[in-house]
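J.:
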Amino acid sequence: MQDVENQSFEELIENAKNIIARLGQSDVNLKEGVELYKNGMATLQKAQEMLESAKLEFEEIQKQSYDENTTKA
Numbered sequence: 009m010q011d012v013e014n015q016s017f018e019e020l021i022e023n024a025k026n027i028i029a030r031l032g033q034s035d036v037n038l039k040e041g042v043e044l045y046k047n048g049m050a051t052l053q054k055a056q057e058m059l060e061s062a063k064l065e066f067e068e069i070q071k072q073s074y075d076e077n078t079t080k081a
């Protein structure tokens, strides 16, 4: 698995889907299942961080736009 720090949001989501699919298979042993779970949690945490960062960026853009519009009035 590629390091989550170097993946795009879309890659993270795709990897999470793959991990979920693999965890659903009957041939996953305990050790592999635990490793998949850890990787899945790290993947989802990084995706959540990216979403939060994007949300803050959108909020800042909206605030700047609002500030520009109110100072023009």
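So in my numbering, spot 7 of the sequence shown is number 15, and the numbers just go up one at a time.
Just so you know, even glycine gets a beta-carbon here, dropped at the ideal spot from N, CA and C.
These numbers come from a predicted model, not from an experiment.
Taking contact to mean 3 or more Cβ pairs, one atom from each stretch, closer than 8 angstroms, check whether the region 24-32 and the region 61-81 are in contact.
T.: As far as the Cβ criterion goes, the region 24-32 does not touch the region 61-81, which means the pair count is below three.
J.: May I have the straight-line CA-CA distance separating Q53 from I21, to the nearest angstrom?
T.: Cα-Cα distance, rounded: 11 angstroms.
J.: Starting from the C-beta of G41, find all residues in its chain whose C-beta is less than 6 angstroms away, skip the five residues before and the five after it, and write them out in chain order.
T.: The answer is none, since no qualifying residue turns up.
J.: With C-beta atoms as the reference, is A50 less than 8 angstroms away from A24?
T.: No.
J.: So I27 and N14 are supposed to be a Cβ contact under 8 angstroms. How far apart are they, rounded?
T.: In fact, because the Cβ distance is near 17 angstroms, the residues do not count as touching under 8 angstroms.
J.: Does DSSP put N37 in a helix, in a strand, or in coil?
T.: Correct three-state label for N37: coil.
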